[in-house]
Every structure is written in structure tokens, then in C-alpha cells.
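Participant: Handing you this structure, nothing more for now.
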Amino acid sequence: MEKVEFSDWATPIVSVLKPDGSLWICGDYKVSINPVLDVAENPMPMAEELFTQLNGGEKFTKLGLSSVYQQVLLDEESRQYVTINTHLGLYRYTCLPLGVAESPAIFQQTMGSIMSGLTGVGGILDDLIVTGSNDKEHLRNLDSTLKRLDSMGVKLKNSKCVFMKPSVEYFAFVVDRDGIHPSLHKVQAIQ
């Protein structure tokens, strides 16, 4: 973030409690830029598409990104639209913030470009899954994925990563060598 003295697009802040008990401070963009955005069409991958990419996998690695959208830098011109109004004055984001209607589409498109051409890897937003038909292929795919992420400056969050497991929970599913299954944990939460 960078401090600014003036903004035509300053928005109030909202606090969101994260699962770990810490707070996200976000702009309440529904009262400023979201109503006037022409949100790009970049649909999230369907679960079926993702799991097709993982078909034949024996073990699974789940990689969780750190700070999600904030790994995408904004160009100078775009920064004026993501200014927040705080008790300490006006600040504008230098990276893609949470709360902007187009952020998920921009982030998914960015990650799709970064992961393009890799085999045995798929992802939705900030969660990637890597697999292979055997341990050797899995490790090769994982190495390629980690090198690509590193070359692009993408950071992972250690607590969100699991490596070479026979099954992983992914959104509302459990992924294993037999396919995808509803996550009992998620089903119970809905019930």
C-alpha cells in the first residue's frame, strides 16, 4: 500500500475475520468501484475439468498460495481505483485487493497463464493440486510446478500445503486415486 493525499474513488474499509483468528482489512468496494466495473468473463474451472487433469494420479500434493490476490501487482493507472479511507488517511493498494468484483477472474486468468503447459497440475484460485501416475512422475510434475511458481515470484503458505498424500480435501471434495468424492466434513457442515 502507498499513502495518497487525494482520491476520487476512496472507499471505506471493512474487517473480515480469517479462519486463523487474524483480520483482513478490505475495501468495501461494493459502494465505490464494483457497481461501475465491466467484469470480465473468465469463469472458474468446473470441478470436472480440474479432476480430468488429475485423472490417473496415485498420490496428491496440494499447494496453497500465500496472500492470494496480493501477489498480483497493479499497474500505476489501476491503483487510483483501489484507494481505502482509514482513520490514518487514504491508502491505495499496489496489488490486487480482495473485495473488487473482478479480482477472482483476474487472479484465475493469471494463475492459468502461469500454470499453462504443465502436466499433472490443476487449480482453482489459490489452491493447486499436483499428481502423477507414480511417485517419479509426481515428483517431476511437482518440481516443474514449484520451479514455475518460483520463477514467477509466487509464494506458498506452508500451513496450506500437503505433499504426496493418497487423498486430499479440495473445496467440497476428497480427491484420491479412485476419483472424486463428496467431503463428509463439508456435507456435515451443510447439514
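Under my numbering, think of the first position of the sequence shown as 1302, with each following residue one higher.
In this text, a Cβ means the ideal position worked out from N, Cα and C, and glycines have one as well.
Computed from a predicted model, the values in this text were never measured in an experiment.
How many angstroms separate the CA atom of Lys1458 from the CA atom of Tyr1471?
Facilitator: Near 16 Å, if we compare the C-alpha coordinates of Tyr1471 and Lys1458.
Participant: Would you check if the region 1350-1368 and the region 1424-1440 touch, i.e. whether three or more CB-CB distances between them fall below 8 Å?
Facilitator: Yes: at least three Cβ pairs fall under 8 Å.
Participant: Closer than 7 Å by C-beta to Gly1424: which residues in its own chain qualify, once you throw out the five before and the five after it? Chain order, please.
Facilitator: Counting only Cβ-Cβ distances below 7 Å, and skipping sequence neighbours, we find Met1412, Met1416, Ile1430.
Participant: Spatial neighbours of Asn1435 within its chain, please: C-beta separation below 7 Å, excluding the five flanking residues on both sides.
Facilitator: Glu1359.
Participant: Straight-line CA distance for Lys1319 to Leu1440?
Facilitator: Their Cα atoms are separated by approximately 32 Å.
Participant: Is it buried or exposed, Ala1490, if we count other Cβ atoms within 10 angstroms and call 16 or more buried?
Facilitator: By the 10 Å Cβ count, Ala1490 comes out exposed.
Participant: Around the Cβ of Pro1405, are there at least 16 other Cβ atoms within 10 angstroms (buried) or fewer (exposed)?
Facilitator: Looking at its Cβ environment, which holds 16 or more other Cβ atoms inside 10 Å, Pro1405 is buried.
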